[in-house]
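Residues in the sequence shown are numbered from 27 upward in steps of one, following the numbering used here.
Idealized CB from N, CA, C, for every residue including glycine.
As the structure is a computational prediction, the values presented were derived from the model and not from experiment.
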Amino acid sequence: MIGLGTVINVALILLGGVLGMLTGRQLTARYQDTLMKSQGLCLLFVGIAGAMEQMLQLEDGKLSSGGTIMIVVCFALGSLIGEILNIEYCIEQFGEWLKRITGNSGDKQFVHAFVLTSLTVCIGAMAVVGSIQDGISGDYSTLALKGTIDLIIVCAMTASLGKGSIFSAIPVALFQGCITILASFLQPIMTDAALSNLSLVGSMLIFCVGVNLIWDKKFKPANLLPTIVIAVIWAFLPI
């Protein structure tokens, strides 16, 4: 069944959110803060590890790095485009709308939780590759694995940030659903080089989310999302 992978992924996110709500109710604010920062620390190292995996190569017994020019150009252009479009504001406004219609107007953390969790579970090569596999052949295994990881992430973030994290299922459904529908068109574009660039930039964005969890809002990760598109385009430039 085409699209089953995204359905499974969304269901696991919702399950993680429910478990997180049940857990979070048992925790005081002090424990929730500690849990939030511990998740931020994990995201920092996930981001660092993912970026280093793409940048570092072993040549003749020595480590060499690459992709420096690519990330500098992508983040310079991407951040400018993101600021012009003000993507972060648009997502926050959507979060504010969700907060109102779901009766959570009194939850001060709702939008913050929604934005950070949505970025965490949407960014990454697994979402793109898994959705293409699902759309082309109906293979949902990658998205099922991603859903299992998302369950743990959303459970922990819901317990520490609140129920806004559960609604990250909506952008996941939209993002992965659209890629699944457009899979035949996107498959030729997602070459090994394009996926490598996407993984590198996506890992750096996850690092930014981790920073925001620990030190409050230092970055606007949503305004950096255009870097992913530019990174994919970069793979086709004769450089």
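- Counting along the chain, the unbroken alpha helix (DSSP H) around residue 210 starts and ends at 209 to 212.
- If you check the CB distance, residue 34 and residue 195 do not come in under 8 Å.
- Residue 83 carries a strand assignment under DSSP once its states are collapsed to helix, strand and coil.
- Residue pairing of residue 88 in beta bridges, as defined by DSSP: 85.
- The three-state secondary structure of residue 252, taken from DSSP, is helix.
- Relative to the Cα of residue 140, the nearest Cα in the group 95, 27, 235 and 260 belongs to 235.
- Closest option to residue 132, judged by alpha-carbon separation, among 189, 63 and 257: 189.
- Counting the other Cβ atoms within 10 Å of the Cβ of residue 96 gives 16 or more, which makes it buried.
- Put simply, the backbone Cα of residue 178 is about 6 Å away from that of residue 42.
- The alpha-carbon of residue 162 is positioned some 29 Å away from that of residue 100.
- In its chain, beyond the 5 residues on either side, 137 have a beta carbon closer than 8 Å to the beta carbon of residue 122.
- Excluding the 5 residues flanking it on each side, residue 198 has same chain C-beta neighbours closer than 7 Å at 35, 36, 39, 147 and 148, in chain order.
- By the CB criterion at 8 Å, residue 104 and residue 232 fall outside the cutoff.
- Under the 10 Å beta carbon count, residue 193 is surrounded by 16 or more other beta carbons and is classified as buried.
- Residue 165 places its beta carbon 8 Å or farther from that of residue 28.
- For residue 52, there is no enclosing alpha helix (DSSP H), as DSSP gives it neither H nor E.
- The residues 205, 209, 212, 213 and 216, in chain order, have a CB closer than 7 Å to that of residue 158 in the same chain once the five nearest residues on each side in sequence are set aside.
- Apart from sequence neighbours up to five positions away, the residues of its chain that approach residue 62 with a beta-carbon distance below 7 Å are 186, 187 and 239, ordered along the chain.
- Of the other Cβ atoms in all chains shown, 16 or more fall within 10 Å of the Cβ of residue 246; this residue is therefore buried.
- Counting along the chain, residue 229 sits inside the alpha helix (DSSP H) bounded by residues 218 to 241.
- Scanning its chain for C-beta atoms nearer than 8 Å, with the 5 sequence neighbours on each side dropped, one finds around residue 112 the residues 249, in chain order.
- In this structure, the CA atom of residue 171 is about 10 Å from the CA atom of residue 153.
- Uninterrupted alpha helix (DSSP H) stretches at least 4 residues long and entirely within the segment 96 to 134 occur at 113 to 127, given in chain order.
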